[in-house]
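Using the working numbering, you'd call the opening residue of the sequence shown number 1 and step up by one each time. These notes are about the structure you will find just below.
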Amino acid sequence: MENFDDDVFSDDGFDDLPPDALEQLEQDAFRATQAEHPTQREPEPRQNWAEREVTIRYAQINPINVANATLRPPAQLHTGLTNDYGSLDVGESDAEVFDDEAAIGLNETVTISDRPSHYAHDSIALGEKPMETDGGLSFYSALQREHEILTAKLQQETERYARLENEFANVKSLAETKTGEIAIIRSNHAKIVNDYERQLSGLRKAMDEETAKHREELEAIREQGKTLATENAFLKQDLAEEVSRVHQIRAKMRTEEKSAPVTPKKPKALPFRDGFDDEEILAVSPSKSGRSKQATPTVTGKKRRRTSQGSPSRLHLSPHREQNLGIAGGAVDEALSESAIDLPMKESSQEAGHQDTHIIKQILNHRTVPHKTDIEIIAELAFPSEPGRTLYSILLEETTQLDLGSYAMEHMRAIISLWSRALKEKFYKPIPILLETTRLILAIDATAVLRQIDRLIPVLLDTSDINGVPRFKHSPYASQSFGKVTQTPASQLEPLVDSTEVVRVLYQIACRSLSDDQLVEDLWRHIRYSFVLMMLSCSQPASDIKLTLSLLMTSVRPNSFASIQESEQDQKSNENWVVDRVASLMWETLQPDEGQPPYTRAEICDVRLEALAFLMTVTFNPIEPNNTHGSLVIASHHTALAKLVRAMHDELDALYSYPPERDMHSAMVNGLMRLIYSIIQRHPKEADLQLKLHRVPGGKQKFLVVLTRLAFSEGIVLEAGIEDETVEMAHSILDDAVNPQEAEALLEAFPHAKGEDTEAKNAEDTEMMEVMEEDLAL
């Protein structure tokens, strides 16, 4: 076997072959391997170990691009054997082919699995030769350079990654800092808004109080001015009458003085009023003679001679002359002396007469309707049972038959008689006129009305029953519609009778009676408890309910309230019924009459505020503030406190919807909390709130919800009207009502003390973080 140098190759007889032999072999091999054999199954190629070795080596050096690399014979192999065959040596061509195949390994893996097995073996043999030449060294050098380049790139990417991670950590820290600053700013802003709202609320409250105070003072001044003007008018008229009377007396005196002077007449015994005749006294008197002396004739126009002080007696005219000449001078003296004695009595009687005259004029000129006086309207009406006689004639006849010392009282008695008869005959046309006349007399002479309470109150109550009873029958408390609220049909109501005005007159009478305890007691002995309960049903008009509650406030006495009953047990039952009815009004829905629009939220809140005012009056007795009778009645009631808690929950829930009447809702919450807290503090044993809450559906749950909301309220936006005292009271009641486990559960259920919407707050925070991220990106 011959030894060859690295650069010397033997042709092994290739020079003797024809020039196109290699080309022919190549074409035959290509046809043998690439031609399609549809009838013969293509033999399964053997595993090419050379290909796997090249691929594995390349993967160890360049693990990044091995997945994407493919081994395809370079174009130079076929170009050298075919097109350039005549100008190249076969050995050189082979060397060039294998050098190119070695160079291919730098960028891609040669795929030869599709070639025949013998071709694969030849490729492996040819590939092993260049490995021993300079081509192998260049292959490894290229791989080494690629490895260094990749290592440098990896180092750069590692440094870039570390730098990005450091920047991310800085940005994250900055974002956390900004988040903390935002939280602090939000907290400070909330505190500022809270303080501002509280200050604004305090200023508004103070301004409203001052406005109300000034309005009351202005109204009082106006009323005082009217009273003074009326008194001044009376005084002027009295003064004019007195001046006129004095002028008449003086004129009469001047006329009598101008008459002829005469000798003084015989003294008369009229001033003594002893029952004896003067002549009989003179006859039996020892100092007087039985005969009378003749008077000296006088001359007309001559001055009258005065009697000297030393003369024992006057000169007397004869009786005939005395009668003829008259007693002008003595009459004047006697008239003056009698007028001086009886002057105070006459002035008093004249003043009373003048006052009666003024009252009569006011009553006769009063107009309920603009175009006619009340007397004219009454004169056109007659009872169905007596059509030939007008009401005015009956009124006039009854008034003249009475003698009560005051025309106003006599007229009022006649009005009550007509009113009672109209109710018995169900003749309702004169009732509006009679009602307005009663209001007029109460305004100009209250005594005339208050002294007849026992007659007037039953008439007013019977009048209120005309429309009050049909409305009560449609309430949920009536037997025929128990548990259901229906509208009262208009056909069952009497349009001529205004129940609101009837209750208003009752309230005005009660207010006029407050200065006299005996009058207050008489009034509430005549007001039936059934009337009070009927007028406090939710089917009555809102105006009637408010006036009835105001009327009930005048019934609060040191040790009782509402109608006065005969026995103590009846009185206690009556007070419990009233408390139950008023407490139910705090959450019931008012039902208008058929055809009337539904009540607005403001009207309903107004009624509930009036009900709360009555309960506060009962609890904090205005006559005796330390008296606990009323608060004990509420504390001992089986459902009153639970109903008040339910009402407080509903009012606070309505406050969260931010309605226009939010001030009324917040006032209700504050007032109810103050009332409940005061009752519990005064009567902890009788109150027993936990037991009574179970008697109202959902009472326990609503109690926990409303107390927790109030306890953690900061009075921002939705709870702006909640006072600090209310929050403190809620804390105190809640601490005593729940155990530590329930307290923790409540804190988890209500994490936000401000009462604001959690979703809105989260959305706001998310939006703020997005803005921060955009700023950082820029």
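Glycine included, every Cβ here is placed at the ideal spot set by N, Cα and C. From a predicted model like this one, the values you see are computed outputs, not experimental measurements.
Selection from the options that minimises the alpha carbon distance to residue i
i: tyrosine 477; options: Arg439, Met534 and Val497; result: Met534
i: glutamate 651; options: Ser187, Tyr407, Ala640 and Val669; result: Val669
i: isoleucine 486; options: Ser539, Asp454 and Thr708; result: Per the sequence shown, residue 486 should be read as threonine rather than isoleucine. With distances taken between Cα atoms, threonine 486 lies closest to Ser539.
i: glutamate 794; options: Trp419, Leu418, Ser420 and Thr399; result: The first residue shown for the chain is 1 and the last is 778, placing residue 794 beyond what the model contains.
i: alanine 382; options: Leu402, Ala422, Lys361 and Val369; result: Ala422
i: serine 385; options: Leu418, Pro370, Thr368 and Leu396; result: Leu418
i: histidine 731; options: Asn739, Thr708, Gly721 and Ala745; result: Thr708
i: lysine 484; options: Ala233, Glu661 and Thr589; result: Thr589
i: isoleucine 416; options: Thr447, Asp580, Phe427 and Ile457; result: Ile457
i: isoleucine 441; options: Lys572, Ile359, Leu552 and Tyr196; result: Ile359
i: isoleucine 466; options: Val369, Pro495, Tyr658 and Glu661; result: Pro495
i: threonine 617; options: Ala602, Tyr658, Cys605 and Ser560; result: Ser560
i: valine 579; options: Ser138, Ser563 and Lys685; result: Ser563
i: threonine 639; options: Met207, Pro697, Gln681 and Val171; result: Pro697
i: threonine 463; options: Ala745, Leu493 and Lys473; result: Leu493
i: aspartate 522; options: Ser513, Ser530 and Tyr529; result: Ser513
i: arginine 439; options: Tyr507, His474 and Ala490; result: Tyr507
i: leucine 675; options: Lys643, Ser657, Ala220 and Ala152; result: Lys643
i: serine 555; options: Asp208, Gln571 and Asp544; result: Gln571
For residue i, three-class secondary structure by DSSP
i: proline 73; result: Low local confidence applies: a pLDDT of 44 at proline 73 is under 50, so the model's placement there is unreliable, with the coordinate-based value given in what follows. Note: proline 73 maps to coil in three-state DSSP.
i: proline 344; result: Since pLDDT at proline 344 reaches only 43, below the 50 mark, its modelled position is unreliable, and no value is offered.
i: arginine 557; result: strand
i: proline 63; result: Reliability fails at proline 63, whose pLDDT of 47 lies under 50, so the model's placement of it is uncertain and no value is given.
i: valine 645; result: helix
i: isoleucine 184; result: helix
i: histidine 683; result: coil
i: arginine 222; result: helix
i: alanine 240; result: helix
i: cysteine 605; result: helix
i: threonine 133; result: Note that threonine 133 scores a pLDDT of 49, beneath 50, so its modelled location is shaky; the value from the coordinates is reported in the next line. DSSP places threonine 133 in coil when its eight states are reduced to three.
i: glutamate 594; result: coil
i: leucine 493; result: coil
i: glutamate 473; result: Just to set this straight, residue 473 is lysine in the shown sequence, not glutamate. The answer is helix: DSSP assigns lysine 473 an H, G or I state.
i: threonine 55; result: Residue placement at threonine 55 cannot be trusted, given a pLDDT of 45 that sits under 50; what the coordinates show is reported in the next sentence. Note: threonine 55 maps to helix in three-state DSSP.
i: arginine 528; result: coil
i: tyrosine 599; result: coil
i: leucine 533; result: helix
i: aspartate 20; result: coil
i: aspartate 403; result: coil
i: tyrosine 196; result: helix
i: threonine 263; result: Bear in mind that the predicted position of threonine 263 carries a pLDDT of just 45, short of 50, making it unreliable; the figure below should be weighed with that in mind. Coil, per DSSP.
i: threonine 357; result: helix
i: asparagine 626; result: coil
i: proline 671; result: According to the sequence shown, residue 671 is glycine rather than proline. It is helical.
i: tyrosine 677; result: helix
i: lysine 484; result: coil
i: histidine 694; result: coil
i: phenylalanine 139; result: helix
i: leucine 391; result: helix
i: serine 666; result: helix
Opposing strand residues paired with residue i [DSSP bridges]
i: phenylalanine 383; result: Glu386
i: valine 785; result: This structure leaves residue 785 out entirely; the chain is present only between 1 and 778.
i: lysine 429; result: According to DSSP, lysine 429 bridges with nothing at all.
i: valine 795; result: There is simply no residue 795 to check, as the chain begins at 1 and stops at 778 in what is shown.
For residue j and residue i, believed in contact at Cβ under 8 Å, the rounded distance
i: leucine 718; j: leucine 655; result: 6 Å
i: proline 430; j: leucine 391; result: 6 Å
i: isoleucine 363; j: threonine 437; result: 7 Å
i: valine 449; j: isoleucine 509; result: 7 Å
i: leucine 549; j: alanine 611; result: 6 Å
i: valine 645; j: leucine 693; result: 7 Å
i: valine 497; j: tyrosine 428; result: 6 Å
i: alanine 720; j: glutamate 594; result: With 8 Å as the limit, alanine 720 and glutamate 594 do not qualify as a contact, their Cβ atoms being about 39 Å apart.
Below-7 Å beta-carbon distance, residue i vs any chain B residue
i: leucine 672; result: In the structure shown, chain B cannot be found, because there is only a single protein chain.
### Query
For the region 558 to 588, which segments carrying the alpha helix (DSSP H) assignment without a break, of at least 4 residues, lie completely within its bounds, in sequence order?
568 to 585
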